[in-house]
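Have a look at the structure below, then the notes.
Residue numbers (our numbering): 788 to 1338.
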């Protein structure tokens, strides 16, 4: 029974009877705009799904898109009690629907990355002595030193980023140590800002959690440790040794290590569920809580990436998820500890000029028609007869370039291409850039590599054909509507099965398989082997002649 069927039938006696006795794991996602849960049974079928939308269901917090954007337009926060009350609401909805909590073997979850929660001195006592007669939000109201938490959209910590990079020997040194150069949204810089601007709130914080470990703490009735994978998004964790970097901690704030606690492997069972949930909702006392992680790592688990695989999300921004064995940290992208294999890594690369750029070129060169756009890709040769294009109508992240640049086969810049050449130049250029920058972080296409395509453009088979050709690997499509939630449920099963001692791929082998969408055309590897170095060299040429943005 899929989630859509569940939504139609959830309230019927037949549906309730079907759910009775169905042993399962729960996967949670505390995202920017909502809290969501899925229940996944032992055959890895999703049979229950629900959510609480912050703006719609909790309007008293006055959020827009789940956040408060402050007057400076740089500071962005979310009310911590909104997240707590959302959990009360969703558990209440599950109870009202007849959900059988007694069948839950374990749960895990995801949180929006980089956000931080500040537990006030004495909060651990409140967490460990919750009364089942009252909702959580009534009992935890005075447990936080700051009521509005900084989240990933915040960009107010530029000064702290400069301080951190300077203290460890520069941006590349910090990236080698922690997996990323200093970013304003990363938690270490947010903590440094809090200590500098509000030292009293900092000193009154006995524990600092990520959104993920905060959510796990609610279920544990005690502080949950930060996991390696989400901890990699803080500019504080040494990703090779998997310990906090003393140098980074010292720059950010005093006594920080004791406020963070020791990080743990992402598949760790961090404890049994609090008696509060046993008494109020009927969870079994033996229900295990597996460490929560970030939403991006949880999505990697939900997509079931394996060594050598790559996921390409083709949305407003294009995002690459990479499974890495030997990472090469750089000034772009992020490297995290892998959430399902403690010996390996994952990387994230974000490209701003995604679907909006494709839609613009469609409108300009294909009369606003995706059908004509596809025909242009079908009618032009792989490699586009040597014509290459760079299309960045907004300042790109990877690399930092703006503008449109077109080059003919002789590497001469030209002002325009014919419509069909323009379309192929755009799509080939977008995918060549992704491969080049992925390889810059240590990624290599392997014989067993699979590419998983998601997002709006993954419905266009001709775009996916170019993706398969450029990477020289088959492209599959997969439903990722709830990938962070589903990945969290899979991770709960993995933790139950023994975590680090058991291969994640074994645990999830019976999950629905992705569908094959495209395989590389004959001769594609030779065509792009010649084009990729040219594209990379031209990108460097544009970079060297562009005025770099001020930091």
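No residue lacks a Cβ here, since even glycine has one placed at the ideal position from N, Cα and C.
Whole angstroms are fine: how far does the CA of residue j sit from the CA of residue i?
| i | j | result |
| --- | --- | --- |
| residue 956 | residue 950 | 10 Å |
| residue 1284 | residue 1294 | 8 Å |
| residue 944 | residue 1060 | 36 Å |
| residue 1333 | residue 1318 | 22 Å |
| residue 848 | residue 868 | 9 Å |
| residue 1142 | residue 1211 | 15 Å |
| residue 1155 | residue 968 | 40 Å |
| residue 1032 | residue 1014 | 15 Å |
| residue 1185 | residue 1254 | 18 Å |
| residue 1120 | residue 1108 | 10 Å |
| residue 1158 | residue 1249 | 10 Å |
| residue 1029 | residue 1131 | 12 Å |
| residue 1047 | residue 859 | 29 Å |
| residue 1194 | residue 1144 | 18 Å |
| residue 885 | residue 878 | 11 Å |
| residue 874 | residue 822 | 7 Å |
| residue 1258 | residue 1232 | 7 Å |
| residue 1213 | residue 1329 | 16 Å |
| residue 984 | residue 861 | 15 Å |
| residue 1136 | residue 1271 | 18 Å |
| residue 834 | residue 1167 | 45 Å |
| residue 810 | residue 920 | 26 Å |
| residue 845 | residue 876 | 9 Å |
| residue 1170 | residue 1256 | 10 Å |
Could you have a look at residue i and say whether DSSP puts it in helix, strand or coil?
| i | result |
| --- | --- |
| residue 1031 | strand |
| residue 798 | Low local confidence applies: a pLDDT of 33 at residue 798 is under 50, so the model's placement there is unreliable, with the coordinate-based value given in what follows. In the structure shown, residue 798 sits in coil (DSSP, three-state: anything other than H, G, I, E or B). |
| residue 887 | coil |
| residue 1281 | helix |
| residue 1201 | strand |
| residue 1097 | strand |
| residue 917 | coil |
| residue 876 | helix |
| residue 1313 | helix |
| residue 953 | helix |
| residue 945 | helix |
| residue 849 | coil |
| residue 1332 | helix |
| residue 1111 | strand |
| residue 1000 | helix |
| residue 1269 | coil |
| residue 963 | helix |
Report the partner residues of residue i according to the DSSP bridge assignment.
| i | result |
| --- | --- |
| residue 864 | 855, 937 |
| residue 835 | 826 |
| residue 906 | 931, 994 |
| residue 1264 | 1240, 1302 |
| residue 1014 | 1051 |
| residue 1122 | 1134 |
| residue 1192 | 1177 |
| residue 840 | 821 |
| residue 895 | 814 |
| residue 1106 | 1100, 1137 |
| residue 1024 | 1031 |
| residue 1058 | 1076 |
| residue 1081 | 898 |
Ordered along the chain, which non-local residues of its own chain (more than five positions away) have a Cβ less than 7 Å from that of residue i?
| i | result |
| --- | --- |
| residue 1303 | 1261, 1263 |
| residue 954 | 1034, 1038 |
| residue 1147 | 1180 |
| residue 977 | 903, 937, 941, 944 |
Excluding the 5 residues flanking residue i on each side, which residues of the same chain have their C-beta closer than 6 Å to its C-beta?
| i | result |
| --- | --- |
| residue 871 | 923, 924, 927 |
| residue 1006 | 1060, 1076 |
| residue 982 | 989, 1040 |
| residue 1065 | 1072 |
| residue 1129 | 1052, 1287 |
| residue 1043 | 1036 |
| residue 1320 | none |
| residue 1201 | 1193, 1195 |
Tell me which residues share the same chain as residue i and place their Cβ nearer than 8 Å to its Cβ, disregarding the 5 neighbours each side in the sequence.
| i | result |
| --- | --- |
| residue 855 | 849, 863, 864, 865, 866, 935 |
| residue 1298 | 831, 1091, 1277 |
| residue 842 | 820, 850, 851, 852, 853 |
| residue 993 | 906, 907, 908, 909, 910, 911, 1046 |
| residue 1182 | 1139, 1188, 1189, 1336 |
Any beta carbon from chain B within less than 9 Å of residue i's own beta carbon?
| i | result |
| --- | --- |
| residue 1262 | Considering every chain present, this structure includes no chain B. It has just one protein chain. |
**Request:** For the region 1271-1284 and the region 889-898, state whether three or more C-beta atom pairs, one from each stretch, are separated by less than 8 Å.
**Result:** In short, these stretches touch, since the Cβ pair count reaches three.
**Prompt:** Would you call the region 896-911 and the region 1074-1085 touching, i.e. three or more CB-CB distances under 8 Å?
**Reply:** Yes: at least three Cβ pairs fall under 8 Å.
**Request:** Examine the Cβ distances between the region 811-828 and the region 906-926 and report whether three or more of them are shorter than 8 Å.
**Result:** Under the three-pair Cβ rule at 8 Å, the region 811-828 does not count as touching the region 906-926.
**Asked** Hey, is the region 1236-1255 in contact with the region 1096-1110, meaning 3+ C-beta pairs nearer than 8 Å?
**Response** The count of Cβ pairs closer than 8 Å, one atom from the region 1236-1255 and one from the region 1096-1110, reaches three, so the stretches are in contact.
**Asked** Does the region 1311-1331 come close enough to the region 1202-1209 to have 3 or more Cβ pairs within less than 8 Å?
**Response** Here the region 1311-1331 does not lie against the region 1202-1209, with fewer than 3 beta-carbon pairs under 8 Å apart.
**Message:** Assess contact between the region 1165-1178 and the region 1216-1225, defined as three or more Cβ pairs (one per stretch) separated by less than 8 Å. Is contact present?
**Reply:** Three or more beta-carbon pairs separated by less than 8 Å link the region 1165-1178 to the region 1216-1225, which places the two stretches in contact.
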